[in-house]
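Numbering (my numbering), first residue to last: 14 to 277.
No residue lacks a Cβ here, since even glycine has one placed at the ideal position from N, Cα and C.
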Ligand SMILES: C[S@@+](CC[C@H](N)C(=O)[O-])C[C@H]1O[C@@H](n2cnc3c(N)ncnc32)[C@H](O)[C@@H]1O
């Protein structure tokens, strides 16, 4: 694997994508205003392409970029997606009317650099919106629990951007104006807690890696019990059957300044 991500880190992510799709729709709401016909949109870290399909349904000419070979392959040819790194966007200056990044920018590493790259490819007056998990959300809590149970140092979860002021400062620092930060809720629905544990630990990148370490160490049954117990405490039964687990994220958006004023 040459994309800088550990092998297979995102390969099963498409199982998760449907759960985070409502957050992607929220980002599209934020960049939709004033969209002209055939406007172009870049989805940074577009994963298995669900966000690209949602954007196309709204009339955007949408192009995705993802550094994971597995994800670009999973998206298939129904959507237009290129393999590349958010830290070196292979596009002309001001070539997009808008950009979004649904729970992807937060994993890009040098996020200041990534946002500067985005700011260069979005045209003046164009919008960029990204989502970030709030600190203390349950996938992050599971990551810490699993690492601790395995006697490992919990790897840092990129929640810094889940703090409103950090998220705002990131966009302001890259020259965006009219920056808005919306606290949002995301409801995860599963058939039961077993499915919740299985989905997250076989699909979400970091949890999936911890699961495979637990399996190799013969500790998976114990770790799984811990997670089932946690899921049980968080789960709300749904009237029609199944369970829901509520989580929080930030939807953050900013506009490129007008090129004439430089001020927006
Ligand atoms: C949590 S997934 C989100 C995928 C998609 N946006 C969605 O809503 O389903 C994060 C994605 O970001 C991609 N990614 C992370 N860092 C990246 C980078 N530096 N450049 C390009 N893609 C990146 C990963 O390969 C992965 O597909």
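Which residue marks the beginning of the beta strand (DSSP E) containing residue 125, and which one marks its end?
No beta strand (DSSP E) contains residue 125, which is instead part of the alpha helix (DSSP H) from 124 to 134.
With respect to the beta strand (DSSP E) encompassing residue 64, which residues constitute its N-terminal and C-terminal limits?
Taken as a continuous stretch (DSSP letters only), residue 64 belongs to no beta strand (DSSP E), being part of the alpha helix (DSSP H) at 63 to 70.
Per DSSP, cross-strand counterpart(s) of residue 164
DSSP lists no partner for residue 164.
Please state if the CB of residue 92 and the CB of residue 65 are separated by a distance shorter than 8 Å.
yes
Assign residue 161 to buried or exposed, taking buried as 16 or more other Cβ atoms, counted over all protein chains shown, within 10 Å of its Cβ.
exposed
If you measure from the CB of residue 42, is any heavy atom of ligand 1 nearer than 7 Å?
no
For residue 105, name the three-state secondary structure that DSSP assigns.
coil
Roughly how many angstroms separate the alpha carbons of residue 280 and residue 195, rounded to a whole number?
The first residue shown for the chain is 14 and the last is 277, placing residue 280 beyond what the model contains.
So, using beta-carbon positions, are residue 264 and residue 39 closer together than 8 Å?
yes
Let me make sure I understand the geometry here. Which of 70, 267, 266, 243 has the alpha-carbon closest to that of residue 258?
243
Below 8 Å on the Cβ atoms is my guess for residue 136 versus residue 182; work out the distance and round it to an integer in Å.
In fact, because the Cβ distance is near 23 Å, the residues do not count as touching under 8 Å.
Using 8 Å for Cβ pairs, my map puts residue 152 next to residue 41. What's the rounded Cβ distance?
Their Cβ separation, rounded to whole angstroms, is 22 Å, which puts residue 152 and residue 41 out of contact at 8 Å.
Between residue 43 and the rest of its own chain, which residues show a CB-CB distance below 7 Å, the 5 nearest in sequence each way excluded?
140, 142, 264, 266
Mapping the DSSP letters down to three states, classify residue 73 as helix, strand or coil.
coil
According to DSSP, simplified to helix, strand and coil, what is residue 54?
strand
Please state whether DSSP places residue 78 in a helix, a strand or coil.
strand
Nearest to residue 97 (by Cα), restricted to the options 59, 71, 70:
59
Between residue 115 and residue 192, which are expected to be in contact by the criterion C-beta below 8 Å, what is the C-beta distance as a whole number of angstroms?
18 Å between Cβ atoms; not a contact.
Verify whether the separation of the beta carbon atoms of residue 206 and residue 256 is less than 8 Å.
yes
Please work out which residues of its chain come closer than 8 Å, Cβ to Cβ, to residue 230, disregarding the five sequence neighbours upstream and downstream, and give them in chain order.
163
Residue 113 bridges to which residues according to DSSP?
56, 142
Can you tell me where the beta strand (DSSP E) with residue 256 in it begins and where it stops?
256 to 268
Give me, in chain order, the residues of the same chain whose beta-carbon lies closer than 7 Å to that of residue 15; leave out the 5 immediate sequence neighbours on both sides.
Note that residue 15 scores 35 on pLDDT, short of 50, meaning its location in the model is unreliable and no value can be drawn from it.
Helix, strand or coil: how does DSSP classify residue 271 here?
coil
Reduced DSSP secondary structure (H/G/I, E/B, other) of residue 202
strand
DSSP three-state assignment for residue 174, whether helix, strand or coil
helix
Tell whether a beta-carbon distance below 8 Å holds between residue 75 and residue 56.
yes
Could you check what DSSP says for residue 191 in three-state terms: helix, strand or coil?
strand
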